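**Student:**
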Amino acid sequence: MQNQPWFEPHCQPHFQLEVPSILCQKFTSPYFLTKNRNKSFESKIEITADNKGNYVVKVDGVDISPNPVISGKPATFTISATTSQAITGGKAVIEVYFFGFHIHQETHDLCEETSCPVTVGNFVLSHNEVLPGFTPPGSYKLKMTLSGAGIKQLICISFDFKINFGASESSVSDS
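Those letters in the sequence shown? Residues 1 to 175, by full-length UniProt numbering.
Below, the structure is given as structure tokens:
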């Protein structure tokens, strides 16, 4: 048995999604943006999915906007996925970890995060969140488990994301 972190015992590496790292950096200098505009900057969001079962939902990608997330500002987590059967309802359980410690959990009606019923094929699940301005900066892990009406578990995924303080962003734009 492979050694797993204690906070996500059922998730295994699934794939990596390439994201331009210019979205992940705080480089705001016009010189930097002009000087390096032709260089390829890549950063990876690794998505981990539970592959121990034959689940109805397969995740195609995750988009985080803005990336990194800014405390005190709205953030959107958009998950592109595919389902092999129609989903009429269910719930999304979102857990957040900071330095490996479980710090937050919330449950949402699946139909509030996407349009229901979800038909067979591609669909998008989108979650908006405004983190408090005092949220500590750093690396976080988000784990999301989807369950459907009559289906115990549709999928379990997790991915890392970063949070930066919002104060430094506003002080740069105010000057």
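Ideal placement from N, C-alpha and C gives every residue a C-beta, glycine not left out.
Quick caveat, the model's predicted, so the values are computed rather than measured.
Go through its chain and collect everything with a Cβ distance to E113's Cβ below 7 Å, but skip five positions before and after it.
**Tutor:** These residues qualify, in order along the chain: A92, L125, S126 and H127.
**Student:** Going by CA-CA distance only, name the one from K152, Q153, L131 and G150 that's closest to V96.
**Tutor:** Ranking the options by Cα distance to V96, first place goes to L131.
**Student:** What residue range is occupied by the uninterrupted alpha helix (DSSP H) comprising C111?
**Tutor:** C111 -> alpha helix (DSSP H) spans L110 to E113.
**Student:** Quick one: grab the DSSP three-state call for residue 238.
**Tutor:** Past the boundaries of the shown model lies residue 238; the chain is included only from 1 to 175, so the question cannot be answered.
**Student:** How would you label residue 187, buried or exposed, when you count the other beta carbons within 10 angstroms and need 16 or more for buried?
**Tutor:** Examination of residue 187 is not possible in this model, given that the chain is present from 1 through 175 alone.
**Student:** Only counting runs of 3 or more residues, tell me where the beta strand (DSSP E) segments fall wholly within the UniProt domain "MD-2-related lipid-recognition" (49-161), in order along the chain.
**Tutor:** Listed in chain order, they are 57-65, 74-83, 90-98, 101-109, 121-130 and 138-148.
**Student:** Could you compute how far the alpha carbon of N164 sits from the alpha carbon of F98?
**Tutor:** So the alpha carbons of these two residues sit roughly 13 Å apart.
**Student:** Can you grab the Cα-Cα spacing for the pair D109 / P117, in whole Å?
**Tutor:** Near 12 Å, if we compare the C-alpha coordinates of P117 and D109.
**Student:** Excluding the 5 residues flanking K162 on each side, which residues of the same chain have their C-beta closer than 6 Å to its C-beta?
**Tutor:** Same-chain partners within the cutoff: P68 and S139.
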